[in-house]
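To keep things clear, I will list the structure first and then write my remarks on it.
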Amino acid sequence: MKIQGKTWRFGDNINTDEIIAARYLNTFDAQELGSHCMEDIDKNFSQKIAPGDIIVAGKNFGCGSSREHAPIAIKGCGISGVVAESFARIFYRNAVNIGLPIFVSAEAAESIKEGDLIEIDAQSGVICNRTQSKNYQTDKFAGFMQDIVNEGGLLNWIKKKGIK
Amino acid sequence: MSYTITEKIFNKHVKGEKVKAGDFVYAKVDLALGNDVTAPIAIDQFKKLGAKKVFDRKKIVLVPDHFTPAKDIKSAAQAKLMREFSQEQHIRHYYEVGRMGIEHALLPELGLIEPGKLIIGADSHTCTYGALAAFATGVGSTDLAACWATGYCWFRVPATIKFVYTGKMKKWVCGKDLILYTIGKIGVDGALYKAMEFTGPVIKKLPVEERLTMANMAIEAGGKSGIIEPDEITYEYVREVILRQDVPLRKKTEMSLRACRERWDELKSDKDAVYEARMEINASDIEPQVALPHLPSNTVSVSKLKNMPVDQVVIGSCTNGRISDLRVAAKILKGKKVHPRVRCLIFPATQAIYLQAIKEGLVEIFVNANAVVSTPTCGPCLGGHMGILAKGERAIATTNRNFVGRMGHPESEVYLSSPAVAAASAVTGKITHPDAV
């Protein structure tokens, strides 16, 4: 699978309250959550992005609460993936579990500028920065996380394993 | 081989070869928790999975505590969805409004948490239970759904950072100050993916409620879990809460001090267990702490803050809404009045704590001081309801997060502190050292 889009940059420690504020947690409708994605740090984020665009952030992206509404909101507003220096752990597993493509690369997180056009080959984990003509290798998923990613999320992985 | 307490707990929950930090495991879960915000997604995912019945109706806990008593129609619908699922699946541990409390205060109080258990919760503060020597960590709703269907969850066994607290705590310094100080030292990702094991002479004497506060905030340093080895203080607490239930989960003979020791002493980390890092913190150096906006790691000593007026004071939450927290607040508020410019909101974390506060006369002290006492709810901590901040307002709160917009408007501010500092600030109307009131 390849994803391609224009990038939107965020800093370190972007927390789940910023990704989707708690006042919207009275629903889990992806479209509705998506329309409020990143609202408290970038008011018109969901309107200005185009489907397929990619978020690039610093360290500890998605820290804070366990709300799965955060990766759902990111998917729901049309973002196709997130590249960061590092991810907070619950966000990380939530993204893997619901099939939101995420990539860890300190080099990419530092080098990519807002508005760069990038292409990511999810299989090889290589990010190609078309604007800067640079390539970055992202970290491999460890252990059986790669299998969950390959299955497109936890539910498919469990179905394949078979429910006891 | 030598193991940390965390590795030992995992080894009791996986089949086959012994596992160590870094290993990927598919582990058996003892208790799986959800709330009115996270369970609705889990219910949806459970149905998408094609599952019909939960793995064990006695090992699932559902607590409507975030937006309840329902704050609006959509929240009422989410709570209803969870209630109907609980009825349909005959979930034993579903706690309705009137019986419920803030989940992380409620579960220990109900005797559901024991040393050595492996617990997941679709709530990031599930790490609280590590204070009772359980491995407990926050997960998402899809993880919870998968666990409901299978009884298992996937993990990477975390490496452990050992935090050793020495010295003597100053007056007014409590578990909240220790953990805020620690997060201030290591940063909000200082323990990313790690287990934080709290130990040392200060911890060995620390009461359970303050231990719960410390483990609760492990997540604010990025930690996967916070954990404290079981000791006499743990056993005393677990024994008391289990035996006081109408239908205790264990027999009295199983809960003698000797039986507790025999069952749980072996969980303690081995002397030569491998730690990723060790950090010593001298508690004697620590003043009451305040975390400034907008990260829990922006900590300073309260005395550094001169003339910082507040509009609202919140005392409560899964971090500091227990009876000992209310007692400290009452000690300071007794015979005094909340500053006329300030709203002081107090949230006993569970119905039992609420009742105890009434019996001890604490509620009367609060009402006489012009504070309000609310039904248990997570409410304002996450900007849900019952105390939302307007643009430009500032609160000091005993809660756990001070992110942008956490308690309301994106241009409002939250300062985090202990109950003592919060109560003192309510009296003066500005952030204040408890000694000054």
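Protein sequences appear in the order of chains V and L. Residues are numbered in this note's numbering as their position in the first sequence, beginning at 1, plus a constant of 126. Residues are numbered in this note's numbering as their position in the second sequence, beginning at 1, plus a constant of 2. The C-beta atom is built at its ideal place from N, Cα and C for all residues, glycine as well.
- For Arg-158 of chain L, a Cβ of chain V is located within less than 8 angstroms of the residue's own Cβ.
- For Gly-386 of chain L, the residues of chain V that pass the 7 angstroms Cβ criterion are Ala-148, in the order they occur in the chain.
- For Cys-155 of chain L, the enclosing beta strand (DSSP E) covers residues 154-158.
- In the three-state reduction of the DSSP assignment, Ile-433 of chain L falls in the coil class, being assigned neither a helical nor a strand state.
- Inter-residue distance for Phe-26 of chain L and Leu-245 of chain L is about 36 angstroms (C-alpha atoms, whole angstroms).
- Cβ-Cβ distances below 7 angstroms link Gly-153 of chain L to Lys-30, Val-31, Phe-57, Asp-58 in the same chain, with the five nearest sequence neighbours on each side left out; the list follows chain order.
- Taking the beta carbon of Asp-166 of chain V as reference, the chain L residues within 7 angstroms of it are Val-406, Gly-407, Pro-412, listed in sequence order.
- Contact between Pro-290 of chain L and Val-304 of chain L holds: their C-beta atoms lie close to 5 angstroms from each other, under 8 angstroms.
- Relative to the Cα of Ala-78 of chain L, the nearest Cα in the group L:Leu-51, L:Asn-37, L:Lys-60 belongs to L:Asn-37.
- Cβ-Cβ distances below 6 angstroms link Ser-231 of chain V to Tyr-262, Thr-264 in the same chain, with the five nearest sequence neighbours on each side left out; the list follows chain order.
- Under the three-state reduction of DSSP, Val-344 of chain L is assigned to coil, being neither helix nor strand.
- Every alpha helix (DSSP H) stretch that sits fully inside the stretch 62-133 of chain L and reaches 4 residues is listed by chain position as 75-90, 105-111.
- A direct Cα-Cα distance of roughly 35 angstroms separates Ile-355 of chain L from Leu-159 of chain V.
- Rounded to whole angstroms, the gap between the alpha carbons of Gly-188 of chain V and Ile-221 of chain L is 12 angstroms.
- In the DSSP annotation of this structure, the continuous segment of the beta strand (DSSP E) that includes Asn-284 of chain L starts and ends at 279-284.
- Under the three-pair Cβ rule at 8 angstroms, the stretch 235-247 of chain V counts as touching the stretch 132-146 of chain V.
- Going by beta carbons, Ile-288 of chain L and Asp-179 of chain L fall inside the 8 angstroms limit.
- Interface criterion not met: the Cβ of Ala-424 of chain L is under 8 angstroms from no Cβ in chain V.
- Within the same chain, and ignoring the five residues on either side of Ala-214 of chain V in sequence, the residues whose Cβ sits closer than 6 angstroms to its Cβ are Asn-186, Gly-188, Cys-189.
- Contact annotation for Asn-139 of chain V against chain L: Val-190, Asp-191, Leu-297 [CB-CB distance below 8 angstroms, chain order].
- Taking C-beta atoms as the reference points, Trp-150 of chain L and Phe-48 of chain L count as a pair closer than 8 angstroms.
- Taking each of L:Ser-227, L:Gln-89, L:Ser-258 in turn and checking the Cα distance to Glu-238 of chain L, the smallest one comes out for L:Ser-258.
- Rounded to whole angstroms, the gap between the alpha carbons of Ala-332 of chain L and Asn-170 of chain V is 45 angstroms.
- Here DSSP, grouped into helix, strand and coil, assigns Asp-287 of chain L to helix.
- Counting along the chain, the unbroken beta strand (DSSP E) around Gly-207 of chain V starts and ends at 207-210.
- Contact between the stretch 138-149 of chain L and the stretch 382-393 of chain L is absent: fewer than three C-beta pairs spanning the two stretches fall below 8 angstroms.
- Taking a C-beta distance under 8 angstroms as the contact criterion, Val-209 of chain V and Ala-248 of chain V do not qualify as a contact pair.
- Of the residues assessed, Arg-260 of chain L falls on the exposed side of the cut-off, its CB having fewer than 16 other CB atoms within 10 angstroms.
- Within the stretch 103-127 of chain L, the residues whose Cβ lies closer than 9 angstroms to some Cβ of chain V are Gly-123, Ala-124, Asp-125, Ser-126, His-127, listed in chain order.
- Remark: C-beta atoms of Ile-62 of chain L and His-95 of chain L approach each other more closely than 8 angstroms.
- CA-to-CA, the gap between Leu-214 of chain L and Asn-223 of chain V works out to about 29 angstroms.
- Between Ser-191 of chain V and Ser-126 of chain L, the C-beta spacing is below 8 angstroms.
- Taken in chain order, the complete alpha helix (DSSP H) segments of 4 residues or longer contained in the stretch 159-191 of chain L are 177-188.
- The beta carbon of Ala-221 of chain V is closer than 6 angstroms to those of Pro-197, Ile-228 in its chain, skipping five residues each way along the sequence.
- Membership of Gly-202 of chain V in the alpha helix (DSSP H) is indicated by the continuous run 195-202.
- Within the stretch 140-170 of chain L, those residues whose Cβ lies closer than 8 angstroms to any Cβ of chain V are, in chain order, Gly-140, Val-141, Gly-142, Ser-143, Thr-144, Asp-145, Ala-147, Ala-148, Ala-151, Thr-152, Gly-153, Trp-156, Arg-158.
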